[in-house]
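Positions 26 to 501 (the numbering used here) are the ones given, in order, by the sequence shown. Remarks on the structure that follows.
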Amino acid sequence: MASLKKKPVFKKSAPKPVVKKELPRKPLTGGQSAQKKENASTAPAAPAKKQIQLLRGMKDILPRDQHYWKAVYEKAQSIAEDFGFDRIDTPVLEDASLFLRGLGKVTDIVEKEMYMFEDRDADKVTLRPENTASIVRAYLQHGMWNQPQPVKLWYWGPMFRHERPQEGRQRQFWQAGFEVLGDPSPVIDAMVIQMTWLLYNEFGVPVTIHINSMGMPDDRTRYKMELVQYYRAHRAEICENCKARLMKNPLRVLDCKEEGCQPVKANAPQIVDYLSNDSRDHFMKVLEYLDELGIPYFLNHTLVRGLDYYTRTVFEVVTSDEEQGSQTALCGGGRYDLLVEELGGKPTPACGVAPGIERLIVQLKKRQLPLPPQRQPQVYVAQLGDLSRRKAMLLFARLRAEGVMADQDFSKGSLKAQLESANAKKIPFAFVIGQKEVQEGTVIMRDMDSGVQETIDFNKAPQILKRKLGIDKSVE
Ligand code: AMP
């Protein structure tokens with residue numbers, strides 16, 4: 026055991042007289058250039074090192090924005106917990122084949138956007154472009170199919186896509202996600218949509234839920250044949266992109282935004298007319314549940330999500346962008362009944378959603394929507410000199426242990442500067458400890474609004490303050 030040596034007690038000596046340094050009388054510029062010349066003759070100035078900048082499409086989340094992030098995180102978390110979801114975190118780096126197999130090779134993400142590279146062991150790895158495939162991997166790897174079903178998981182984290190950056194589109198962006206595995210019931214789809222709707226609705230962001238059914242693979246095969254036939258008959262009227270899509274991934278013609286293609290698209294066959302009875306019943310049930318909950322939706326027959334794994338219900342949440350007269354997609358989701366099997370598990374129906382965080386925050390800012398109040402310090406601890414600083418540090422720790430949020434600038438010496446800081450932050454009370462208070466075992470409690478001060482016992486200070494703040498009703 027280390028021996029405890031008694032620390033010497035330093036008595037504060039009388040303050041030294043302040044020696045004011047005379048400022049140079051000469052104009053600074055002349056003096057500086059003379060200095061520069063001198064430096065130049067002795068050692069040549071080293072070239073300033075180039076600053077390293079962010080990669081394109083990447084963003085820092087600065088302190089000034091953190092309250093938005095906290096508000097959205099806490100909202101997502103409370104919704105997830107209220108609906109009985111457990112939190113899961115998976116790594117950002119995964120085996121590339123997880124996404125090659127999971128998302129489908131002929132998708133924009135896999136073909137153009139994935140960050141895929143060989144690591145130092147020559148293993149092909151990917152920075153996850155989305156998280157559903159990783160959730161399924163974790164569900165299988167950790168035997169979650171053995172647990173009572175459905176398994177309800179939620180996540181929060183960064184995703185990576187090498188897209189062309191613009192407002193609301195980055196190469197690293199964040200998503201929350203709610204995923205339900207092991208239950209085929211349409212009530213699950215409705216619940217996931219309800220949770221998503223609550224996320225926007227409770228912040229006051231006006232949104233529309235676009236919804237469609239993509240059926241099961243058999244339904245889709247029948248529909249694709251009809252769609253291709255129809256588009257071929259209108260070949261002369263469609264863009265080159267649509268022609269290419271007809272060959273590679275016909276459903277994507279329905280995503281086309283080219284003006285010239287819109288009349289053809291408007292009259293195209295609709296997938297709902299090709300659904301099997303089971304798929305149709307499933308879809309009708311989802312809509313009935315949403316009607317019951319009073320959640321408004323828009324049946325969008327051209328909504329086909331860009332990933333292969335979707336089956337049956339698909340949906341997107343959009344908000345109208347008044348400035349640009351356009352619509353912004355805030356989030357997308359749907360059912361993926363075949364993905365677990367595709368990734369090596371037993372047939373396991375599933376459904377989920379992934380709201381994009383940056384796009385929600387853009388809406389909160391643009392619409393100046395109120396956020397929940399942030400925690401505010403309730404007292405400022407001010408000190409004068411080293412001895413009182415030690416006591417102030419102790420008081421700060423005691424306040425924290427008592428659940429009182431305090432603020433301080435212990436590196437500052439001037440009482441005026443400290444009280445100004447407390448005032449600027451609108452902190453209602455200040456504790457002031459000077460030499461006299463240290464000797465007497467007291468502290469000054471100052472009401473920052475009225476300026477009224479009283480001297481109280483150092484050891485009782487947290488309790489007395491708590492009573493003043495109305496957070497401790499116990500009798501002293
Ligand atoms: P997705 O996984 O493509 O369905 O995207 C779901 C949501 O994630 C979108 O609606 C956006 O809110 C968000 N998102 C997708 N890609 C990006 C991106 N490159 N930058 C910012 N947010 C994105």
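Glycine included, C-beta positions come from ideal geometry on N, C-alpha and C.
Between PHE483 and VAL406, the C-beta spacing is not below 8 Å. Judged by beta-carbon spacing, TYR322 lies beyond the 8 Å limit of LEU364, meaning their Cβ atoms are not closer than that value. Remark: the shortest separation between the CB of LEU152 and any heavy atom of the ligand AMP does not fall under 7 Å. DSSP lists PRO183 as the bridge partner or partners of TRP199. A straight-line Cα-Cα distance of about 25 Å links LEU128 and ARG145. When Cβ pairs closer than 8 Å are counted between the two stretches, the region 297-310 is seen not to touch the region 257-274, the count staying below three.
In terms of Cβ geometry, ALA101 and TRP181 form a close pair [threshold 8 Å].
If you look at ILE481, you'll find it in the beta strand (DSSP E) that goes 478-482. In chain order, the residues that have a beta carbon nearer than 6 Å to some heavy atom of the ligand AMP are GLU155, ARG186, GLU188, GLY193, ARG194, GLN195, PHE198, GLN200, ALA354, LEU355, CYS356, GLY357, ALA379, GLY381, GLU383, ARG384. By the 16-neighbour rule on beta-carbons within 10 angstroms, PRO398 is exposed.
Measuring C-alpha to C-alpha distances from HIS259 to each of CYS286, ARG153, ASN325 identifies CYS286 as the nearest. In this structure, LEU355 lies away from VAL339, with their beta-carbon atoms at least 8 Å apart.
By the C-beta density criterion, SER345 is exposed, having fewer than 16 other C-beta atoms within 10 angstroms.
In terms of Cα proximity to GLY82, the closest of HIS92, TYR140, PHE108, LYS391 is TYR140. Spanning the alpha carbons of MET250 and GLY369 requires a straight line of approximately 29 Å.
When the beta-carbon positions are compared, ASP214 and VAL311 come within less than 8 Å of each other. In the DSSP assignment, TYR322 is bridged to ILE234. Runs of the alpha helix (DSSP H) lying entirely within the region 256-294 and spanning at least 4 residues, in chain order: 265-273, 287-291. THR221 sits in a helix when the DSSP states are folded into three classes. Fewer than three pairs of CB atoms, one per stretch, sit closer than 8 Å, so the region 442-462 makes no contact with the region 377-395. With fewer than three CB-CB distances shorter than 8 Å, the region 371-384 does not count as touching the region 410-423.
Sequence-distant Cβ neighbours of ALA121 in its own chain, meaning closer than 7 Å and more than five residues away, are MET141, LYS149, VAL150, THR151.
Per the C-alpha coordinates, the member of ILE458, GLN488, VAL131, ARG305 positioned closest to THR480 is ILE458. Annotated three-state conformation of ILE86 is coil, per DSSP.
GLY495 is the residue among ASP474, LEU396, GLY495 whose C-alpha sits nearest the C-alpha of GLY428. The beta carbon of GLN219 sits closer than 7 Å to those of LEU318, ILE320, all from its chain and outside the five residues before and after it, given in chain order. Counting along the chain, SER413 sits inside the alpha helix (DSSP H) bounded by residues 411-426. In the same chain as LYS130, and ignoring 5 residues on each side of it, the C-beta atoms closer than 8 Å to its own belong to GLU136, in chain order. Rounded to the nearest whole angstrom, the C-alpha separation of ILE160 and GLU227 is 27 Å. GLU313 is not a Cβ neighbour of LEU328, given a cutoff of 8 Å. A straight line joining the alpha-carbon of ASN274 with that of LYS371 spans about 27 Å. Going by DSSP, VAL378 is part of the beta strand (DSSP E) stretching over 375-380.
Around the CB of VAL477, fewer than 16 other CB atoms lie within 10 Å, so the residue is classed as exposed.
Cβ atoms of THR233 and GLY377 stay farther apart than 8 Å, at about 20 Å. Look at ALA70 here: in three-state DSSP terms it is coil, with no helix or strand label. Residues of the same chain with a CB within less than 7 Å of the CB of VAL97, apart from the 5 flanking positions on each side, are ILE382, LEU385, ILE386 in chain order.
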